[in-house]
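Numbering (this note's numbering), first residue to last: 94 to 382.
Structure (structure tokens):
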């Protein structure tokens with residue numbers, strides 16, 4: 094919602110200020126379709142040239158995040174901590190029993206209590222692979238920690254590709270606006286024998302290209318790229334929490350300590366309070382009893 098409000102403010106302030114200063118929208122609206130065709134079409138073509146079909150689909154899908162917001166909410170972090178607590182506790186009590194859950198998460202009663210987490214393939218794979226590693230008798234838990242760190246770095250790099258692509262487009266839009274303006278000037282020079290009032294409109298139309306390129310770059314596409322990057326990095330904390338809790342488990346800390354490590358590493362605006370989490374864990378224990 095706040096993203097839509099931001100867009101409304103941008104358009105209202107830019108074009109409202111232009112009109113308040115005595116500007117006329119007629120010349121902009123006349124030139125807009127042609128300038129947009131040149132600038133927008135060239136930007137789209139350059140984007141498609143610099144990526145593949147999967148990257149294009151990934152970017153188109155992630156643009157929705159700009160308006161939807163981060164995937165993981167505060168209650169999801171709380172649920173994740175509860176899920177990990179159940180798995181760690183079961184793994185300590187009966188290592189064979191926990192294997193049934195991590196080998197078939199979709200059929201697991203434990204995972205089934207947390208449908209939002211269960212629907213995320215990477216979160217489930219990260220949990221299952223790490224707990225499975227614990228049963229392989231690693232001599233040093235830091236080995237698992239290093240593997241997880243590299244895995245999450247690779248995942249984050251992949252998730253950030255759409256924001257990088259959008260930023261590249263934003264960086265190129267002002268130059269594409271200049272190209273559109275130069276083409277407008279060429280068109281104007283071909284009509285140099287026309288009266289001044291006609292030439293003035295033609296030059297004004299040419300300058301719409303420069304305006305449009307800069308406006309799209311710094312008013313829309315650039316902020317979209319920055320917002321998307323911020324949300325991807327915030328969602329990455331969810332997977333980082335999985336790493337912190339399960340690595341603490343590999344070091345044989347008590348289950349409650351492992352969960353508290355995760356709670357402390359949760360972003361402050363998503364972190365459940367100690368009492369809230371304690372109450373949720375009590376409910377988990379009662380359901381498991």
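In this text, a Cβ means the ideal position worked out from N, Cα and C, and glycines have one as well.
Beta-carbon gap between residue i and residue j smaller than 9 Å
i: residue 335; j: residue 177; result: yes
i: residue 359; j: residue 258; result: no
i: residue 274; j: residue 300; result: yes
i: residue 337; j: residue 354; result: yes
i: residue 364; j: residue 167; result: yes
i: residue 351; j: residue 339; result: yes
i: residue 224; j: residue 191; result: yes
i: residue 277; j: residue 135; result: no
i: residue 183; j: residue 199; result: no
i: residue 305; j: residue 106; result: no
i: residue 249; j: residue 314; result: no
i: residue 309; j: residue 263; result: yes
i: residue 383; j: residue 196; result: The first residue shown for the chain is 94 and the last is 382, placing residue 383 beyond what the model contains.
Host alpha helix (DSSP H) of residue i (start-end)
i: residue 362; result: Residue 362 -> no alpha helix (DSSP H), and no H or E assigned at all.
i: residue 274; result: 254 to 282
i: residue 322; result: 315 to 343
i: residue 116; result: Where residue 116 is concerned, there is no enclosing alpha helix (DSSP H), given that its DSSP letter is neither H nor E.
i: residue 206; result: Per DSSP, residue 206 belongs to no alpha helix (DSSP H) and is neither H nor E.
i: residue 167; result: 167 to 186
Euclidean distance between Cα positions of residue i and residue j
i: residue 302; j: residue 374; result: 59 Å
i: residue 121; j: residue 294; result: 10 Å
i: residue 131; j: residue 108; result: 21 Å
i: residue 171; j: residue 114; result: 53 Å
i: residue 162; j: residue 286; result: 54 Å
i: residue 173; j: residue 118; result: 53 Å
i: residue 282; j: residue 296; result: 9 Å
i: residue 142; j: residue 255; result: 14 Å
i: residue 366; j: residue 343; result: 25 Å
i: residue 153; j: residue 140; result: 12 Å
i: residue 316; j: residue 266; result: 13 Å
i: residue 243; j: residue 151; result: 22 Å
i: residue 280; j: residue 146; result: 36 Å
Integer-rounded CB distance, given that residue j should sit under 8 Å from residue i
i: residue 179; j: residue 159; result: Not really, about 35 Å apart at Cβ, beyond 8 Å.
i: residue 215; j: residue 311; result: Contact flag wrong, Cβ pair sits at about 33 Å.
i: residue 209; j: residue 169; result: 6 Å
i: residue 348; j: residue 95; result: Not really, about 38 Å apart at Cβ, beyond 8 Å.
Coil, strand or helix - residue i by DSSP
i: residue 223; result: helix
i: residue 311; result: helix
i: residue 358; result: coil
i: residue 285; result: coil
i: residue 155; result: helix
i: residue 239; result: helix
i: residue 162; result: coil
i: residue 144; result: coil
i: residue 94; result: coil
i: residue 346; result: coil
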